[in-house]
Every structure is written in C-alpha cells, then in structure tokens.
Amino acid sequence: MPLHIRKMRKNDLEPMYQLLSDPAVMKYLEPPFTKEKTESFLNTCGLTTNPRIYAVDNEEGFAGYVIFHEYDEDSLEIGWVLFPRYWGQGYASELTRQLIEKSLQTKKTLIIECDPEQTVSGHIAEKYGFIYQGRKNGLDIYRRDA
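Structure, rendered in structure tokens:
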C-alpha cells in the first residue's frame, strides 16, 4: 500500500467531487458538496501557494486527500479524507505517520480535530501519541507535542 502525498492539480476536481459528494464520506464533516462547492474548495484550499490540503495517490490513482496546514502560530492541523473503499486498510494510520514525519522539521505541535462520533479518528490519534484536549466548537481536539 504505497501512498504518495502530492500537491493538488486542476484535474483532481472530478475525483474530489466524487469524494466530497459521497454522503458516507461527509457524514462527520458537513453536508455533501456540490460540484461548484468542490471546485471552490479545491481552488481556495488546494491550488494555492500555501495549500491547506494535499492529494493522496495510491497505485490506483487519487485515493483522497490530507489536511496539513497551520492551525495557529504554534501548531499544525493534520487529517485525512478517503474514499470508503480504502477505509479499514491502514491508509489513515500510514498517512498520519507520514504527516508526523513531515512535520518534524517544523517543531510545531500537531492537532487532529474530529467529530466526537468519529471514533476511528480518535483511536488513530491516540495510537500516534496524540492526547485528548477536550471539545472545541463541537469537535474533539487531540494534540501531539513536537
């Protein structure tokens, strides 16, 4: 399961739309996206000079994306959004490991935010040394010091 994190490209629009319009994917995030909202999200968060999201490719192509951006001046937020066919295969764990490794040079604290009902994300956070910090704006916050 080699996973590659890369910068987003314009031609990621269609697979991003397939991902973000899926009600199962969006269950703990927000209502499913329209194509227009997906395009806006891609343009403002992925195709910028300092992206907030990055594409994830596997041997089949676009598998989803990761969140990797400044949370505040001392921390970075990390996360992942994947097609359901890749759930339960270790992708989120592997991506968390890669993002931790990528963040080491920054010496910043890492944050994972997740819906309290999305227990898998909390489990992965704890597996990688994130400590539960409580709830903020309805989301569970996990922190891992640099």
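Heads up, the sequence shown is in my numbering, so the first residue is 585 and it goes up one at a time.
Glycine is no exception: its CB is placed at the ideal position from the N, C-alpha and C atoms.
Excluding the 5 residues preceding and the 5 following residue i in the sequence, name in chain order all residues of the same chain whose CB lies nearer than 6 Å to its CB.
i    : result
N634 : none
K533 : Residue 533 falls outside the range modelled here, since the chain spans only 585 to 730, and no answer is possible.
Using the C-alpha atoms, what's the distance from residue j back to residue i?
i    : j    : result
I715 : Y726 : 5 Å
W697 : N721 : Reading off the sequence shown, one finds Glu at residue 697, where the question assumed Trp. If I take the Cα positions, the gap works out to 10 Å.
V665 : H653 : 15 Å
T690 : Q717 : 21 Å
F667 : D729 : 29 Å
E661 : S687 : 10 Å
D606 : G713 : 30 Å
Y675 : R719 : 25 Å
Q702 : G663 : 12 Å
Q682 : K711 : 14 Å
L604 : Y655 : 22 Å
Could you check how far apart the C-beta atoms of residue i and residue j are, in whole angstroms? I think they sit under 8 Å.
i    : j    : result
I637 : S677 : That belief does not hold up - the Cβ atoms of I637 and S677 are roughly 19 Å apart, past 8 Å.
D724 : T693 : Not a contact, Cβ separation roughly 16 Å.
I589 : V640 : 6 Å
Just to confirm my understanding: we take residue i, look at its own chain, exclude 5 residues before and 5 after, and list those with CB closer than 8 Å. What are they?
i    : result
P586 : N642, E643
Give me, in chain order, the residues of the same chain whose beta-carbon lies closer than 7 Å to that of residue i; leave out the 5 immediate sequence neighbours on both sides.
i    : result
L626 : M592, D596, L597, M600
With a 10 Å radius around its C-beta and 16 neighbouring C-beta atoms as the bar for buried, classify residue i as buried or exposed.
i    : result
S705 : buried
T622 : buried
G645 : exposed
A608 : exposed
Tell me where the beta strand (DSSP E) around residue i begins and ends.
i    : result
G552 : No answer is possible for residue 552: the residues shown for the chain start at 585 and end at 730.
S659 : 659-666
Y670 : Run containing Y670: none; DSSP gives neither H nor E here.
Specify, as a first and last residue, the run of the alpha helix (DSSP H) that residue i falls within.
i    : result
T690 : T690 -> no alpha helix (DSSP H), and no H or E assigned at all.
Q717 : Per DSSP, Q717 belongs to no alpha helix (DSSP H); it is in the beta strand (DSSP E), 715-720.
Taking Cβ positions only, does residue i come closer than 9 Å to chain B?
i    : result
F617 : As a matter of chain content, chain B is missing from the structure shown, which is built from one protein chain.
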